[in-house]
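In the working numbering, the protein residues as written are 12 to 409.
Inspection log for the structure reproduced underneath, given as structure tokens.
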Amino acid sequence: MIDVCVAGSTGSIGTQTLDVIDTDPDRYRVSSLTAGSSWEAVAAQALKYRPDTVVLASDANLHQLRDALPQSIAVVVGEAALAEAVAAADVTINGIVGFAGLPATLACLEAGKRLGLANKESLIAAGPVVQRARRTPGAELVPVDSEHAAIHQSLRSNHDPVRIKRLQITASGGPFRGKSADELAEVTVAAALAHPTWAMGPKITIDSSTLMNKGLEVIEAVELFGAPSTMDTELGFDDIDVVVHPQSIVHSMATFSDGSTIAQLSNPNMRGPIGYALAYPDRLAAPYGEIDWSQAQTLTFEPPDRAAFPCLDLAFAAGRIGGTAPAWLSAANEVAVDAFLEERIRWNEIPSIVEAVLTTHDGGMGETLESVLEGDSIARIRAAEALASRPSSTQGLT
Ligand SMILES: NC(=O)c1ccc[n+]([C@@H]2O[C@H](COP(=O)([O-])OP(=O)(O)OC[C@H]3O[C@@H](n4cnc5c(N)ncnc54)[C@H](OP(=O)(O)O)[C@@H]3O)[C@@H](O)[C@H]2O)c1
Numbered sequence: 012m013i014d015v016c017v018a019g020s021t022g023s024i025g026t027q028t029l030d031v032i033d034t035d036p037d038r039y040r041v042s043s044l045t046a047g048s049s050w051e052a053v054a055a056q057a058l059k060y061r062p063d064t065v066v067l068a069s070d071a072n073l074h075q076l077r078d079a080l081p082q083s084i085a086v087v088v089g090e091a092a093l094a095e096a097v098a099a100a101d102v103t104i105n106g107i108v109g110f111a112g113l114p115a116t117l118a119c120l121e122a123g124k125r126l127g128l129a130n131k132e133s134l135i136a137a138g139p140v141v142q143r144a145r146r147t148p149g150a151e152l153v154p155v156d157s158e159h160a161a162i163h164q165s166l167r168s169n170h171d172p173v174r175i176k177r178l179q180i181t182a183s184g185g186p187f188r189g190k191s192a193d194e195l196a197e198v199t200v201a202a203a204l205a206h207p208t209w210a211m212g213p214k215i216t217i218d219s220s221t222l223m224n225k226g227l228e229v230i231e232a233v234e235l236f237g238a239p240s241t242m243d244t245e246l247g248f249d250d251i252d253v254v255v256h257p258q259s260i261v262h263s264m265a266t267f268s269d270g271s272t273i274a275q276l277s278n279p280n281m282r283g284p285i286g287y288a289l290a291y292p293d294r295l296a297a298p299y300g301e302i303d304w305s306q307a308q309t310l311t312f313e314p315p316d317r318a319a320f321p322c323l324d325l326a327f328a329a330g331r332i333g334g335t336a337p338a339w340l341s342a343a344n345e346v347a348v349d350a351f352l353e354e355r356i357r358w359n360e361i362p363s364i365v366e367a368v369l370t371t372h373d374g375g376m377g378e379t380l381e382s383v384l385e386g387d388s389i390a391r392i393r394a395a396e397a398l399a400s401r402p403s404s405t406q407g408l409t
């Protein structure tokens, strides 16, 4: 029996992880569930899965949750409790959103356990710290992001890292592919939340609409498979292509020294990559997103419109600067996305806020957890200042 901690169990990744576990209850047991503040949702999950522990991020609803659950389920709060629950499991699927996912990432790797990582922000913001934790004996990071799960699978065909030449990360293009700058100035929150191929949580859906998600994934790919990683390749930012593929069938690719490109294909369904991270190096028995190859379909590929979607190049720039620059990018983006979701700024102001913060990056190296945490909070302050000082800040959006 494999004990699984589902971190962020009430979210899109978390609930889909529970769906996957449902398909093989003889193999997987939910040992812990963690949530931010949705105590009623996590209580319902706990009554169904009977984990050892439920962890909340804040104690606001601790008493209600304790009252709702039998005493055999420990209800705890905070980072230390989270780390304990993660360390006790064999595998953690980290589906917490944003920088808040960092403690679960570190706790899992430092305990020498398998991390199924959906929470890309922790790897992006704290690259050098996470890389050190990855070297803990027994620690293993299997990506859940569909693009990186696809590359992980493509690279399994190869034994010599030196033969990996380039990686191609595919992007659906989001809901605004092909729109002009004038059209993009007017997009609404509802339109940005209507992703054409994937149903996800609000933050990543907005990131997909700006292509920041793709930029974050480029940094994630360099951390996972490139020079700073445990894979011993030479891959860097110049070796990664972003390819718009609106059908979201080819989830990403790797090209090798002999000119061959190997890709992973399936219909879009996050349960596939979640199951891959749970079962690796085996495979799930249940099929997710299997393609019916008897039906003809067309797959298309095109370059991204980097002028209309400047977040992509901002992420490349932050990745090339290195140190805490990706942490600053990611933190500024979280602040800007929250402001957009609350209708305090327009969609096309998100990149301006991120750029304003990134241009003030202080050259921090991010070698320690303290410096990453400090970088994250400075960037959030700078982003709040950039929000307050924008020309339209007093004019509202109507
Ligand atoms: N959704 C996808 O298909 C997808 C695909 C690839 C990668 N990812 C990545 O996976 C991560 C999760 O995405 P999602 O779409 O599943 O997000 P989501 O639906 O918004 O769920 C986020 C989860 O994190 C919890 N959470 C929020 N703030 C927290 C905090 N401060 N401390 C602890 N837990 C907290 C939430 O709990 P509450 O319910 O209590 O707020 C919820 O369980 C993101 O990093 C995203 O980029 C997602």
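Cβ atoms here follow ideal geometry from the backbone N, Cα and C, with glycine treated the same way.
All values derive from a computational prediction rather than experimental measurement.
Apart from the five residues just before and just after residue i, which ones in its own chain have a Cβ nearer than 6 Å to its Cβ?
i, result
"Leu380", "Val140"
"Met223", "Cys322 and Asn344"
"Met12", "Arg40"
"Gln164", "Gln275"
"Ala205", "Pro186"
"Gly283", "Ser277, Tyr299 and Gly300"
"Thr405", "Caution is warranted here: a pLDDT of 46 is assigned to Thr405, below 50, making its placement in the model unreliable, and no coordinate value can be reported."
"Asp14", "Arg40, Ser42, Ala100 and Asp101"
"Arg177", "Asp250 and Thr266"
Going by DSSP, name the residue or residues bridged to residue i.
i, result
"Pro154", "Leu128"
"Cys16", "Ser43 and Thr103"
"Leu276", "Val261"
"Gly236", "Checking the sequence shown, residue 236 turns out to be Phe, not Gly. In the DSSP output, where bridge partners are listed per residue, Phe236 has none listed."
"Arg29", "In the sequence under discussion, the amino acid at residue 29 is Leu, which differs from the Arg named in the question. Answer by DSSP bridge pairing: none, since Leu29 is not bridged."
"Asp252", "Gln179"
Can you tell me whether residue i sits near ligand 1, meaning its C-beta is under 7 Å from at least one heavy atom of the ligand?
i, result
"Val108", "yes"
"Pro139", "no"
"Glu231", "no"
"Ile24", "yes"
"Asn359", "no"
"Asp70", "no"
"Glu132", "yes"
"Pro213", "yes"
"Trp156", "Inspection of the sequence shows that residue 156 is occupied by Asp rather than by Trp. Within the cutoff, so yes."
"Ser219", "no"
"Met223", "no"
"Gly47", "yes"
"Met281", "yes"
"Trp209", "yes"
Residues in the same chain with beta-carbon distance under 7 Å from residue i, minus the five sequence neighbours each way, listed in chain order, please.
i, result
"Ala395", "Val346"
"Thr409", "Note that Thr409 scores 44 on pLDDT, short of 50, meaning its location in the model is unreliable; the coordinates nonetheless yield the value given after this. Closer than 7 Å at the Cβ level, and outside the excluded window around Thr409, lies no residue."
Less than 8 Å between C-beta atoms, sequence neighbours within five positions excluded: which residues of the same chain meet that for residue i?
i, result
"Phe351", "Val200, Ala203, Ile217, Arg357, Trp358, Glu360 and Ile361"
Those runs of the beta strand (DSSP E) which lie wholly inside the region 49-77 and span at least 3 residues: 64-67
Segments of 4+ residues assigned as alpha helix (DSSP H) that fall wholly inside the region 205-230: 213-221
Beta strand (DSSP E) runs wholly inside the region 299-336, at least 3 long, in chain order: none
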